[in-house]
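For what it's worth, numbering that gives the first Met the number 0 labels the leading residue of the sequence shown as 0, then goes sequentially. Even for Gly, the Cβ is constructed at its ideal location relative to N, Cα and C. These figures come from a predicted structure and were not determined experimentally. In what follows, a single structure is set out as structure tokens and then discussed.
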Amino acid sequence: MKLLKYIVAFIFFTHLTSGAQDSFEFVVVPDTQTYVEEFPEVYMKQMAWIANERKRFAFMLHVGDITQNNSDVEWTLAQKGISLLNGKIPYMLALGNHDMGSKAGAFADTRNTALANRYFPLNDYIKNSNTIAVFPENTIDNSCSEFKLLNDNWLVFSLEFGPRNKTIDWVESIVKQHPNHKIIINTHAYLFHDNTHLDGNDWSLPQNYGVGKLTGDDAVNDGGQLWGKLVKKHKNILMVFTGHITGSGVGTLVSEGEHGNKVHQMLANYQKGVKTVEKGDSGYLRIIKVDKKAKTISVKTYSPWLNQYKTEPDQEFTFENVTF
């Protein structure tokens, strides 16, 4: 598979690769659909805070459901906020079920992502995400970005809601070409709030949407299938981030891959409908710290809007004895 031949200046990471630094941080943005639809001031505060912390964070991941209704009005706001990061912090976007469809509010009845691609044109996205490959061609639907952090090479994949069989094949081909890279996967629907993979026993599966009726190469995959077909097979996949599910809105799972490696998987969602956030106007983010020397991955949950942390055990925790 041919990778994109774009020249990308790694100007964002000089503060991470200099000196004797042993750790780096990045930020995960859970579903922003409630904010973009009803609380734009919360959303803009999130993005402004991330931009202001540009010397702190290596990159930003958005787990998808950027919008609620996949409308021009909401994509205009989404683009306005995320553009604050341009030239400051690389960002990777996963498209959720609310970010695709035949019309506004259709919620993944088809895999039409025209609006997402209009408001985040590929050439602009590449410049702001260190992208080396996309699938399908000329879209941001699925992307792979490359970073040099702490003298290690990293790949970050952002994958569509219910990744298709052919999308998994695309990821597989890149992973095989980069056996020594450390890998993070960012996708919209992967874990359930009971700390298990999203599968046939759960609600809100990709198979329950219009896109889930397709077959063959276009057939969707839920979290359990993505784990079985891709994640567990590769010893260099270290982390998976996801959103989509309400209930408690959080889930954490450490699974052992086929090579005895541990994969650290996290669900975070603070939209309306999540039990702990009432109206869904709280604006919480996940801050991830990778400490190579201490062999830890630490997670904190912070709201720039409220200027407060969630400190419950499922909101602030550390994975120990991580093999990097």
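**Report entry** Residue(s) in a DSSP beta bridge with Leu-225
**Finding:** DSSP output for Leu-225 lists no bridge partner at all.
Query raised in the report: How would you write the range of the beta strand (DSSP E) that Trp-153 sits in, first residue to last?
Result: 151-158
Query raised in the report: In this structure, what does DSSP give as the bridge partners for Ala-267?
Result: Val-249
Requested in this report: Examine the Cβ distances between the region 148-161 and the region 92-111 and report whether three or more of them are shorter than 8 Å.
Outcome: yes
**Report entry** Residue range of the beta strand (DSSP E) that includes Met-238
**Finding:** 236-241
Query - Cβ neighbour criterion (16 or more within 10 Å) applied to Val-273 - result: buried
Query raised in the report: From this set, Gln-45, Pro-303, Lys-181, Asn-116, which residue's C-alpha is nearest Asn-260's C-alpha?
Result: Lys-181
Query raised in the report: In three-state DSSP terms, what is Leu-117?
Result: The sequence as given places Arg at residue 117; Leu does not occur at that position. It is helical.
Query - Terminal residues of the beta strand (DSSP E) in which Met-59 lies - result: 56-61
Query - Ala-93 - DSSP class collapsed to helix/strand/coil - result: coil
Requested in this report: Compute the beta-carbon to beta-carbon distance between Asn-185 and Phe-146, rounded to the nearest angstrom, for a pair I have assumed lies under 8 Å.
Outcome: That pair is no contact at about 13 Å.
**Report entry** Nonlocal neighbours in the same chain, by C-beta distance under 7 Å from Phe-191, ignoring five residues either side
**Finding:** Leu-197, Asp-201, Ile-244, Gly-250
Query raised in the report: Roughly how many angstroms lie between the CA atoms of His-177 and Glu-171, to the nearest whole one?
Result: 10 Å
**Report entry** Segment limits, beta strand (DSSP E) that includes Lys-147
**Finding:** 141-148
Requested in this report: Compute the Euclidean distance between the alpha carbons of Ala-8 and Glu-277, then round it to the nearest angstrom.
Outcome: Any reading at Ala-8 needs caution, since the residue's pLDDT is 39, under 50, leaving its predicted position unreliable; the model's value is listed next. About 42 Å.
Requested in this report: Note the first and the last residue of the continuous beta strand (DSSP E) segment covering Ser-22.
Outcome: 22-28
Report task. Tell whether a beta-carbon distance below 8 Å holds between Trp-74 and Tyr-34. Result -> no
Requested in this report: Leaving out five residues on either side along the sequence, give the residues of the same chain with a beta carbon under 6 Å from the beta carbon of Ser-144.
Outcome: Met-91, Ser-128, Asn-129, Thr-130, Val-155
Requested in this report: Report the three-state DSSP secondary structure of Thr-195 (helix, strand or coil).
Outcome: coil
Query - Whole-number beta carbon distance between Val-27 and Val-332, since they are thought to touch under 8 Å - result: Outside the displayed span of the chain (0 to 323) sits residue 332, for which this structure offers no information.
Requested in this report: Tell me whether the beta-carbon of Leu-284 lies closer than 8 Å to the beta-carbon of Tyr-301.
Outcome: yes
Report task. Just grab the DSSP bridge partners of Gln-78 for me. Result -> Its beta-bridge partners do not exist; DSSP assigns none.
Query - Beta-carbon spacing of Glu-36, Asn-68 below 8 Å - result: yes
Report task. With a 10 Å radius around its C-beta and 16 neighbouring C-beta atoms as the bar for buried, classify Gly-242 as buried or exposed. Result -> buried
Query - Residue nearest to Asn-306 in terms of C-alpha spacing, selected from Trp-48, Gln-32, Phe-38 - result: Trp-48
Query raised in the report: Taking the alpha-carbon positions, what's the Asn-122 to Asn-137 distance?
Result: 9 Å
Query raised in the report: Cβ of Val-210 versus every heavy atom of the ligand ATP: is any distance shorter than 7 Å?
Result: The ligand ATP is not among the ligands present in this structure, which contains no ligands whatsoever.
Requested in this report: Measure the Cβ-Cβ separation of Leu-149 and Phe-23 and say whether it is below 8 Å.
Outcome: yes
Query - Sub-8 Å separation of Val-262 and Thr-295 beta-carbons - result: no
Query - Local Cβ density within 10 Å of Asp-21, reported as buried at 16 or more and exposed below that - result: exposed
Query raised in the report: Among residues of its own chain, excluding the 5 on either side of Gly-209, which ones have a beta-carbon nearer than 7 Å to its beta-carbon?
Result: Ala-107, Asp-108, Thr-109
**Report entry** Through-space distance from Thr-275 to Lys-4, alpha-carbon basis
**Finding:** The predicted position of Lys-4 is uncertain, since its pLDDT is 46 and thus under 50; a value taken from the coordinates is nonetheless stated next. Roughly 45 Å between the two C-alpha positions.
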